[in-house]
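Enquirer: UniProt numbering numbers the first residue of the sequence shown as 1 and each following residue consecutively.
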Amino acid sequence: MIRIEAVTKRYPDGTVAVDRLSLEIPDRAITVLVGPSGCGKTTTLRMINRMVEPTEGSILLDGRDIRQQPVNTLRRSMGYVIQNAGLFQHRTILDNIATVPRLLGWTKQKARTRAAELMERVGLDTALAKRYPYQLSGGQQQRVGVARALAADPPVLLMDEPFSAVDPVVRKGLQDELLRIQDELGKTIVFVTHDIDEAIKLGTKVAVLRTGGRLAQFAPPAELLSAPADSFVEDFLGADRGIRRLSFFPSAELELQTAPIVAIDAGADQLASRATAPYLLVTDLDGRPLGWSEPDRLTAGAVDRDRLLDFGRPFVPGTDSLRTALDGAVLSPTGWAVAVDGEGRAVGVVSQQVIGEAIRAAHGRVAEQADVKAGR
Ligand SMILES: Nc1ncnc2c1ncn2[C@@H]1O[C@H](COP(=O)(O)OP(=O)(O)OP(=O)(O)O)[C@@H](O)[C@H]1O
1 MIRIEAVTKR YPDGTVAVDR LSLEIPDRAI TVLVGPSGCG KTTTLRMINR MVEPTEGSIL
61 LDGRDIRQQP VNTLRRSMGY VIQNAGLFQH RTILDNIATV PRLLGWTKQK ARTRAAELME
121 RVGLDTALAK RYPYQLSGGQ QQRVGVARAL AADPPVLLMD EPFSAVDPVV RKGLQDELLR
181 IQDELGKTIV FVTHDIDEAI KLGTKVAVLR TGGRLAQFAP PAELLSAPAD SFVEDFLGAD
241 RGIRRLSFFP SAELELQTAP IVAIDAGADQ LASRATAPYL LVTDLDGRPL GWSEPDRLTA
301 GAVDRDRLLD FGRPFVPGTD SLRTALDGAV LSPTGWAVAV DGEGRAVGVV SQQVIGEAIR
361 AAHGRVAEQA DVKAGR
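1. Between the alpha carbons of residue 313 and residue 25, how many angstroms are there, rounded?
2. Applying the criterion that 16 or more other CB atoms from any shown protein chain within 10 Å of the CB defines a buried residue, is residue 299 buried or exposed?
3. Using a threshold of 8 Å, state whether the C-beta atoms of residue 219 and residue 206 are closer than that.
4. Roughly how many angstroms lie between the CA atoms of residue 339 and residue 183, to the nearest whole one?
5. Taking just the CA atoms, how far does residue 109 sit from residue 169?
6. Could you give the distance in angstroms between the alpha-carbon of residue 193 and the alpha-carbon of residue 204?
7. For a test of the three-state rule: what should DSSP assign to residue 109, helix, strand or coil?
8. Compare the C-alpha of residue 38 against each of 174, 18, 173 and 57 and name the closest.
9. Within this structure, are the beta carbons of residue 50 and residue 66 separated by less than 8 Å?
10. Along the chain, where does the beta strand (DSSP E) containing residue 245 start, and where does it finish?
11. By the DSSP assignment, the beta strand (DSSP E) with residue 447 in it spans what residues?
12. Indicate whether residue 78 and residue 59 have their beta-carbon atoms separated by less than 8 Å.
13. When you compare only the Cα positions, how much space is there between residue 98 and residue 111?
14. Just to confirm the assignment: which complete alpha helix (DSSP H) runs, minimum length 4, are found wholly within the stretch 58-109?
15. Label residue 245 either buried or exposed according to how many other C-beta atoms from any shown protein chain fall within 10 Å of its C-beta, with 16 as the threshold for buried.
16. Residue 217 lies in the beta strand (DSSP E); which residues open and close that run?
17. Can we say the stretch 237-256 touches the stretch 274-281, given the rule of at least three CB pairs closer than 8 Å?
18. What does DSSP give as the partner residues of residue 351 in its beta bridges?
19. Whole angstroms are fine: how far does the CA of residue 125 sit from the CA of residue 80?
20. Is any heavy atom of ligand 1 found at a distance shorter than 7 Å from the C-beta of residue 80?
Below, the structure written as structure tokens:
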């Protein structure tokens, strides 16, 4: 664990970049530092690998003050990724990634084998190995930056706005990749961003800093969204807080109905037995949804696919959140969401009303847990 204990950084010109900051950064999780420009995020990150020395306070790594070990040893235990990747322009991609292992005295062969392995791990085609950084896209360069930081397998990864310079689509890909890599490798990651959505998506815990380097709140994302500590955090979180919070509620417990699902070859008897449902979901012969119809518009053996109503975006119970389920229901003209399995086959349908009840129940559970935590 990294413990930041009452750390203050005052630059020589008197600027207080960080003001009595205390944080416990858990192992094998992603801790995000987020806040407006100039609030001391980068300074905090750089104090962890001693690129900047605190004016007051101390930082402990596994209980030991980081000043007690040689700075090079400390930095080798911490991969560092920055915006625009900071690659060596005159070295090939493979040699960029192999930099730290080479510094550690690995043979060229072993370092390159490791580098090639890492290219695959971060989703880079090994055909790019012999190129130079300028021959890659911004997103690919960022992946090289991550691979290089991981090369010597350090337990800690410090990431300073690593995905800020790429467009939103590439950025989403890089974020998903980081979460996947983190699932496999379980590093202790400290991630700096000024983008609250990125913080909420990636963070196991999120530290919101305010200008002057003071901590406004340190909590898991769901808690930030449900209980912002003050109006600064609330404003910083922005609009749609209620909807975004639904991303943290699972859809697995939604009560699904299967009776309104009929296959395209349903017979007259079956259609007649479902006639009381407001809408029926018609599927193909494999069970994949095709669209909704009012029951009296369906004729056995003669379903016109083109006349079916759109079924919105289906959700996968157990994988997707209540937000995705609600989105599916809102997108569908019938107001019903369609649940599918991993193969896209319909497993049930659920109305907006039932989703609404599930949301209220989930809110109730969170409030109860908060009461228990607060000893009320
Ligand atoms: N070397 C320095 N000398 C003096 N002031 C500095 C120095 N480096 C940073 N600062 C100031 O310290 C404050 C915090 O800077 P820092 O870079 O840590 O903020 P940040 O939250 O990372 O900002 P951004 O999101 O804009 O990168 C700012 O007011 C900045 O101007």
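We treat Cβ as the ideally placed atom computed from N, Cα and C, and that holds for glycine.
Expert: Based on what the coordinates show:
1. Counting from one through the sequence shown, the residue named residue 313 turns up at place 313. Counting from one through the sequence shown, the residue named residue 25 turns up at place 25. Roughly 37 Å between the two C-alpha positions.
2. Looking up residue 299 in the sequence shown gives position 299. Per the 10 Å Cβ criterion, exposed.
3. Here residue 219 corresponds to residue number 219 of the sequence shown, with the count starting at 1. Here residue 206 corresponds to residue number 206 of the sequence shown, with the count starting at 1. Residue 206 is positioned such that its CB atom lies closer than 8 Å to that of residue 219.
4. Your numbering for residue 339 matches position 339 in the sequence shown. Your numbering for residue 183 matches position 183 in the sequence shown. Their Cα atoms are separated by approximately 26 Å.
5. In the sequence shown, the residue the question calls residue 169 occupies position 169. In the sequence shown, the residue the question calls residue 109 occupies position 109. If you draw a straight line from the Cα of residue 169 to the Cα of residue 109, it is about 35 Å long.
6. Locating residue 193 in the sequence shown gives position 193, where the first residue counts as 1. Locating residue 204 in the sequence shown gives position 204, where the first residue counts as 1. Taking the straight line joining both Cα atoms gives about 14 Å.
7. The residue labelled residue 109 in the question sits at position 109 within the sequence shown. Helix.
8. Position 38 of the sequence shown, counting from 1, holds the residue named residue 38. Residue 38 has its Cα closest to that of 18, out of 174, 18, 173 and 57.
9. The residue given as residue 50 occupies position 50 in the sequence shown. The residue given as residue 66 occupies position 66 in the sequence shown. In contact: residue 50 and residue 66 (Cβ atoms closer than 8 Å).
10. One-based indexing of the sequence shown puts residue 245 at position 245. No beta strand (DSSP E) contains residue 245, which is instead part of the alpha helix (DSSP H) from 241-245.
11. In the structure as shown, the chain starts at 1 and stops at 376, and residue 447 therefore has no counterpart that could be examined.
12. Working through the sequence shown from its first residue, we reach residue 78 at position 78. Working through the sequence shown from its first residue, we reach residue 59 at position 59. No, they are not a contact pair.
13. Stepping through the sequence shown from its first residue, residue 98 is reached at position 98. Stepping through the sequence shown from its first residue, residue 111 is reached at position 111. If I take the Cα positions, the gap works out to 5 Å.
14. 71-76, 93-97 and 99-103
15. Counting from 1 along the sequence shown, the entry for residue 245 is found at position 245. Buried, since its Cβ has 16 or more Cβ neighbours within 10 Å.
16. One-based indexing of the sequence shown puts residue 217 at position 217. Run containing residue 217: 214-219, per the beta strand (DSSP E) assignment.
17. no
18. Counting from 1 along the sequence shown, the entry for residue 351 is found at position 351. The beta-bridge partner set that DSSP reports for residue 351 consists of 336.
19. On the sequence shown, residue 80 is found 80 positions in, with the first residue counted as 1. On the sequence shown, residue 125 is found 125 positions in, with the first residue counted as 1. Computed Cα separation, rounded: 22 Å.
20. Taking the first residue of the sequence shown as position 1, residue 80 is located at position 80. No, since every heavy atom of ligand 1 falls outside the 7 Å radius drawn around the Cβ of residue 80.
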